[in-house]
Amino acid sequence: MFEIKKSVFLSENVKSFEIVAPRIAKHRKAGQFVILRVHDKGERIPLTIADSNEEQGTITLIVQGIGKTTMELNDLNTGDSILDVVGPLGQASHIENFGTSICIGGGVGTAIAYPTAVALKEAGNYVITINGARNKDLVILEKEMKEFSDEAYITTDDGSCGHNGFVTDILKNLIGENRKIDFVLAIGPIPMMRAVAEVTREHGISTFVSLNPIMIDGTGMCGGCRVIVDGESKFGCVDGPEFDAHKVDFDNLVNRNRTYSKLEKESIERSASCPKVKASNEIDNK
Amino acid sequence: MASFPEKKDRMKIPRNKMPEMNPIKRAACFEEVSLGYSKEDAITEAQRCLQCKIPTCIDGCPVSIKIDQFITLLVKEDFSGALDKIKEDNFLPAICGRVCPQEKQCEQTCVVGKRNEPVAIGRLERFVADYNRDNEKPKDVKRAAPTGKKVAIVGSGPAGLACAADLASFGHQVTVFEALHEFGGVLIYGIPEFRLPKEIVKYEIDNLKKLGVEFVANSIVGKTITLSELMEEEGFEAIFLGLGAGLPTFMKIPGEEFAGVYSANEFLTRVNLMKANQFPNFDSPILDCKDKTVVVVGGGNTAMDAVRVAKRLGAKSAKIIYRRSLEEMPARNEEIHHAQEEGIEFLNLTNPIQYIGDDKQVVNAIKCHKMELGEPDDSGRRRPVVIEGSEYEIDVDVVVVAIGNSSNPLINKSNPEIEVNKWGNLVVDEETMETSEKGVFAGGDIVTGGATVILAMGAGRKAALGIHHSLIAKAGKKDMKLDEILDVVINVEVESQKFYRMGLDICSEGETHKFIKHLYEDEIKHERMIRNLKDSNLYDGSQLIENVEHLNLEDSHKTENFEWSNNTTIEEALTVAIKRENHAFQLFTKLVELKLPQEIKDLFTNLAEEERQHLAEVEKEYGLATGNMGDEG
Ligand SMILES: Cc1cc2nc3c(=O)[nH]c(=O)nc-3n(C[C@H](O)[C@H](O)[C@H](O)COP(=O)(O)OP(=O)(O)OC[C@H]3O[C@@H](n4cnc5c(N)ncnc54)[C@H](O)[C@@H]3O)c2cc1C
Ligand SMILES: Cc1cc2nc3c(=O)[nH]c(=O)nc-3n(C[C@H](O)[C@H](O)[C@H](O)COP(=O)(O)OP(=O)(O)OC[C@H]3O[C@@H](n4cnc5c(N)ncnc54)[C@H](O)[C@@H]3O)c2cc1C
Ligand code: SF4
Ligand code: FES
Numbered sequence: 000m001f002e003i004k005k006s007v008f009l010s011e012n013v014k015s016f017e018i019v020a021p022r023i024a025k026h027r028k029a030g031q032f033v034i035l036r037v038h039d040k041g042e043r044i045p046l047t048i049a050d051s052n053e054e055q056g057t058i059t060l061i062v063q064g065i066g067k068t069t070m071e072l073n074d075l076n077t078g079d080s081i082l083d084v085v086g087p088l089g090q091a092s093h094i095e096n097f098g099t100s101i102c103i104g105g106g107v108g109t110a111i112a113y114p115t116a117v118a119l120k121e122a123g124n125y126v127i128t129i130n131g132a133r134n135k136d137l138v139i140l141e142k143e144m145k146e147f148s149d150e151a152y153i154t155t156d157d158g159s160c161g162h163n164g165f166v167t168d169i170l171k172n173l174i175g176e177n178r179k180i181d182f183v184l185a186i187g188p189i190p191m192m193r194a195v196a197e198v199t200r201e202h203g204i205s206t207f208v209s210l211n212p213i214m215i216d217g218t219g220m221c222g223g224c225r226v227i228v229d230g231e232s233k234f235g236c237v238d239g240p241e242f243d244a245h246k247v248d249f250d251n252l253v254n255r256n257r258t259y260s261k262l263e264k265e266s267i268e269r270s271a272s273c274p275k276v277k278a279s280n281e282i283d284n285k
Numbered sequence: 000m001a002s003f004p005e006k007k008d009r010m011k012i013p014r015n016k017m018p019e020m021n022p023i024k025r026a027a028c029f030e031e032v033s034l035g036y037s038k039e040d041a042i043t044e045a046q047r048c049l050q051c052k053i054p055t056c057i058d059g060c061p062v063s064i065k066i067d068q069f070i071t072l073l074v075k076e077d078f079s080g081a082l083d084k085i086k087e088d089n090f091l092p093a094i095c096g097r098v099c100p101q102e103k104q105c106e107q108t109c110v111v112g113k114r115n116e117p118v119a120i121g122r123l124e125r126f127v128a129d130y131n132r133d134n135e136k137p138k139d140v141k142r143a144a145p146t147g148k149k150v151a152i153v154g155s156g157p158a159g160l161a162c163a164a165d166l167a168s169f170g171h172q173v174t175v176f177e178a179l180h181e182f183g184g185v186l187i188y189g190i191p192e193f194r195l196p197k198e199i200v201k202y203e204i205d206n207l208k209k210l211g212v213e214f215v216a217n218s219i220v221g222k223t224i225t226l227s228e229l230m231e232e233e234g235f236e237a238i239f240l241g242l243g244a245g246l247p248t249f250m251k252i253p254g255e256e257f258a259g260v261y262s263a264n265e266f267l268t269r270v271n272l273m274k275a276n277q278f279p280n281f282d283s284p285i286l287d288c289k290d291k292t293v294v295v296v297g298g299g300n301t302a303m304d305a306v307r308v309a310k311r312l313g314a315k316s317a318k319i320i321y322r323r324s325l326e327e328m329p330a331r332n333e334e335i336h337h338a339q340e341e342g343i344e345f346l347n348l349t350n351p352i353q354y355i356g357d358d359k360q361v362v363n364a365i366k367c368h369k370m371e372l373g374e375p376d377d378s379g380r381r382r383p384v385v386i387e388g389s390e391y392e393i394d395v396d397v398v399v400v401a402i403g404n405s406s407n408p409l410i411n412k413s414n415p416e417i418e419v420n421k422w423g424n425l426v427v428d429e430e431t432m433e434t435s436e437k438g439v440f441a442g443g444d445i446v447t448g449g450a451t452v453i454l455a456m457g458a459g460r461k462a463a464l465g466i467h468h469s470l471i472a473k474a475g476k477k478d479m480k481l482d483e484i485l486d487v488v489i490n491v492e493v494e495s496q497k498f499y500r501m502g503l504d505i506c507s508e509g510e511t512h513k514f515i516k517h518l519y520e521d522e523i524k525h526e527r528m529i530r531n532l533k534d535s536n537l538y539d540g541s542q543l544i545e546n547v548e549h550l551n552l553e554d555s556h557k558t559e560n561f562e563w564s565n566n567t568t569i570e571e572a573l574t575v576a577i578k579r580e581n582h583a584f585q586l587f588t589k590l591v592e593l594k595l596p597q598e599i600k601d602l603f604t605n606l607a608e609e610e611r612q613h614l615a616e617v618e619k620e621y622g623l624a625t626g627n628m629g630d631e632g
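If you're matching them up, the sequences are chains L and W in order. Mapping of the first sequence onto numbering that gives the first Met the number 0: position 236 corresponds to residue 235, and the numbering continues sequentially without gaps. Mapping of the second sequence onto numbering that gives the first Met the number 0: position 118 corresponds to residue 117, and the numbering continues sequentially without gaps.
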């Protein structure tokens, strides 16, 4: 059992957890993730390690509630426990002093990009962050990103905070200013990562994305996390999760990730953590 | 109490059928297919055994279970004794009785099988284990006094479990680290419930826990904790790597990345480990197979398991595509037979070349070639060759690729200093199972590539002994199994026989011939006496005899290499004979001082005396031959 030492909502639907896992805290590097299982009937899901504290033996996970498991997780509070947590998994982000690096996070992707962005800064890069969300309430880690970034931008789809539009607008502007951009990291919804890749491709800017294929074991045993990179099959959990954006077959990823959409919907609709179910339970109780 | 019938009557008993669940009923659920022999079935089946003088079945068993002996105990209805006898060599009989390919092992070499169907050794093994589990209290395993030494086992498959069991019984403190959230390796995530109930695996693990073995889940060695941390910070003095061969192989043909194409590992893990067959009561999903067509590519146990799982998930059509013919299929016969009964279709001599998908990249057909068998290849099986122009398509909803697994490179990445071969398998010393890194041992599929449960288990036990020896060697002490000591002395006798035998060939007549013959025959007699005791049921051959380090037993066979020739002088020959007899005399004298079972002590005392007489005789001959009568002369 892995105890939750601290938990706090960052936005309506995104929660941050500090979890006691000393061995993972000791070894994790930016870009790596864990796989967890909330209870003994639960699914194993991957979550990026946003931060860690070796002394206290804790790791930080930032979770967006989008389906049964993530919503159940977000129902847990300080003092509760998670049944299984294993890691650190995957390759660490490739960190070096590229020069000027842009780190783009979309939605909860910001949490996933955060540790790598910090590491890039520590390696001497001039770091520009672009933090995208649908609206003001969904912007996460605004303060944290600002704190270490050399330049920090926020975009929202409805203009309720920062630039009104997409992260690619800012990216295009920066490139348009004829600044020398050496490296781009983009993490978020697949359409966003694909759009970023298309923008940087023309300019030959080295770009990496963190892929989110469906995983089970995270050790290379099941092959469920296969992604196509440069025409070759790779295992997202051991060869990734970060890959060269210009070589990723995004169509395949989208299609494979849709495998269980019908079942996932069924699953959440039966779950006590589902907002609809919660609401109707409240009515019943009254 | 039962006994063996007359030999000629034994041959008339037909092989007892395994009671099985009805194929239609079982193909709709995950309950175990083979129900197991009743006591009566087991006894009549055991009575078919001829109790061969040379039980060839044992040669077929990778761990040399004393099959004839456990069968005798079974016939006498001493079920607990039968289990003990099996457990001397096989730590997991309930599991091996169910999953070993007996038809290629013990049952293939059983003498009865030459004319009739062989004795159903596997089913008897299973019966003995199940009967004891259901009816007897688990026995307290004899555990040596705690040594205070810590050993880490990485991986909880059959190799790791067997290694843990032996090390714990030797008195070491054992901790098993497992990457997944459950223990058992392939036994848990790969082999389905209907072939191996998980309860049995859990029972074995619980027994290990009772023995004091600690189990730590969710720990990937090399990631969560490193080998050097285990050794240097956590105080483990040795490590066993039983990592298995968990990396699924794909064919690298177009469309393999479409949605709906699974590896067998994923398909089976979703069902066995994650219980996706019970979705939505369990959260992990699996593609809906109900009334669908599921095609599994491959012909091994993994393929059979996957296709039968698909059937149980409600597939309207569950097919195997295999590139050779039914005869070459590597799966256990019983599984192929069960699959056929359950209505699995076999498209043999067929090979997929491409998966075809819809506009959403969801697989919906397989393009295949028909094959024919050509010349035999390296494996001795006839090589499948494409029939030109035979391409055709099969409609599918779900595909499962089950063409094999290779070793997972995780540990090679984290510890590149450990030597691997070109397939990525760890290289070990065959005797000790130690890898190129001192103190790090390995066994099972990670060393052999995908093999069998029994081989993995045997390797785990061998490594346990290697680890144990290295730990006591470190402490300047050495223990040996009783049977190993007996093997050493048998070997000494056999070497002496060889020596005198050569002498006989050269001096074919006269007094010298008679003298050598007398010695030769004595050595044969000695060997037989030791062997009889070794094969008897009088004591447990696996017990450890402590503190044998001063005897240098490993080197005992190395007494003097000597080639007889027509020019050999009698002095030369006698000098060697004196050395041999002296060595044997000294050896038995010292062995008598060890803590041994009484029968063996008595035998060794006898033999020490006989060898002393031999020594006196050869010394006397030497005196006569050289004119040097020594002190007595
Ligand atoms: C390497 C990696 C790192 C990730 N890091 C984070 C993170 O830091 N924070 C965060 O909020 N999310 C992260 N995710 C995404 C997160 O794993 C999914 O949101 C989660 O699995 C959804 O599960 P669910 O049961 O709540 O939703 P469901 O309704 O079951 O699924 C919703 C979608 O999530 C994806 N998904 C479902 N099951 C899995 C699975 N077993 N493995 C991977 N994806 C799955 C599918 O695309 C699916 O369509 C990461 C994913 C990967 C692969
Ligand atoms: C579907 C299927 C059916 C089979 N059917 C049969 C059969 O009928 N008869 C038969 O004899 N054989 C069968 N086999 C083969 C048999 O199961 C294997 O040969 C045997 O399990 C190998 O045992 P092992 O202990 O070497 O490894 P495994 O059983 O593979 O166990 C290895 C364990 O190590 C863990 N691990 C790996 N790396 C690490 C790490 N770094 N840190 C911590 N833990 C780690 C894994 O998670 C796993 O639990 C089958 C195999 C499969 C896949
Ligand atoms: S070979 Fe067959 S008949 Fe002979 S001892 Fe073994 S099981 Fe019995
Ligand atoms: S998650 Fe199973 S191999 Fe990657």
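Positions of the beta carbon are idealized from the N, C-alpha and C atoms, including for glycine. Fair warning: this is a prediction, and the values are worked out from it, not measured in the lab.
Distances from the CB of Ser218/W to the heavy atoms of ligand 2 include at least one below 7 Å. Chain L places no beta carbon closer than 8 Å to that of Gln339/W, leaving this residue out of the contacts. The beta-carbon of Asn211/L is placed no less than 8 Å from the nearest beta-carbon of chain W. Assigned with DSSP and collapsed to three states, His162/L falls in strand. For the beta strand (DSSP E) assignment, the uninterrupted runs of no fewer than 3 residues enclosed by the segment 170-210 of chain L are, from N- to C-terminal side, 182-186, 205-209. By the C-beta density criterion, Val7/L is exposed, having fewer than 16 other C-beta atoms within 10 angstroms. For Thr588/W and Ala607/W, the gap between their C-alpha atoms comes out near 6 Å. For the segment 189-221 of chain L, residues whose beta-carbon sits nearer than 8 Å to a beta-carbon of chain W comprise Ile215, Asp216, Thr218, Gly219, Met220, Cys221.
From the beta-carbon of Gly41/L, the residues of chain W found nearer than 7 Å are Asp282. The C-beta separation of Val166/L from Ile129/L comes to about 5 Å, placing the pair in contact by the 8 Å criterion. Selection Lys86/W, Lys310/W, Lys412/W, Val362/W evaluated against Cys288/W yields Lys310/W as nearest (Cα-Cα).
With fewer than three CB-CB distances shorter than 8 Å, the segment 74-84 of chain W does not count as touching the segment 448-455 of chain W.
Using a cutoff of 7 Å, the CB of Asp216/L counts as near ligand 4, since one of the ligand's heavy atoms is closer than that.
Taking a C-beta cut-off of 8 Å against chain W, the contacting residues of the segment 80-107 of chain L are Leu82, Asp83, Val84, Val85, Gly86, Pro87, Leu88, listed in chain order. With the criterion set as a beta carbon lying under 8 Å from some beta carbon of chain W, the members of the segment 14-28 of chain L are Arg22, Ile23, His26, in sequence order. In summary, Tyr391/W is exposed, with fewer than 16 beta-carbon neighbours lying within 10 Å of its beta-carbon over all protein chains present. As computed with DSSP, Ser262/W is found in a beta bridge with Val400/W. Not one heavy atom of ligand 2 is found less than 7 Å from the C-beta of Glu228/W. Using a CB distance cut-off of 8 Å, Ser266/L counts as an interface residue toward chain W. 8 Å or more divides the Cβ of Thr258/L from the Cβ of Cys236/L. Around the beta carbon of Cys28/W, fewer than 16 other beta carbons lie within 10 angstroms, which makes this residue exposed. Bounds of any beta strand (DSSP E) do not take in Gln277/W, whose DSSP letter is neither H nor E. At a cut-off of 8 Å between C-beta atoms, Glu263/L counts as an interface residue with respect to chain W. Nearest Cα to Gly105/L within the set Glu201/L, Ile174/L, Leu210/L: Leu210/L.
Inter-segment contact for the segment 237-255 of chain W and the segment 263-283 of chain W is present: three or more beta-carbon pairs are separated by less than 8 Å. Rounded to the nearest whole angstrom, the C-alpha separation of Glu268/L and Asp156/L is 28 Å. Taking Asp168/L as reference, the option from Thr199/L, Ile139/L, Leu140/L, Glu146/L with the minimal CA-CA separation is Thr199/L. By a beta-carbon distance limit of 8 Å, Glu124/W does not contact Pro100/W. Their separation comes to about 13 Å. For Ile227/L, the closest Cβ of chain W is nearer than 8 Å. Secondary structure at Lys366/W: strand, using DSSP grouped into helix, strand and coil. Remark: the shortest separation between the CB of Asn407/W and any heavy atom of ligand 2 falls under 7 Å.
If you check the C-beta of Gly223/L against ligand 4, you find a heavy atom less than 7 Å away.
With a cutoff of 7 Å, Glu263/L counts as near ligand 1, since its C-beta is closer than that to a heavy atom of the ligand. DSSP, reduced to helix, strand and coil, places Phe214/W within a strand of the structure shown.
For Arg193/L, the shortest separation between its Cβ and any heavy atom of ligand 1 does not lie below 7 Å.
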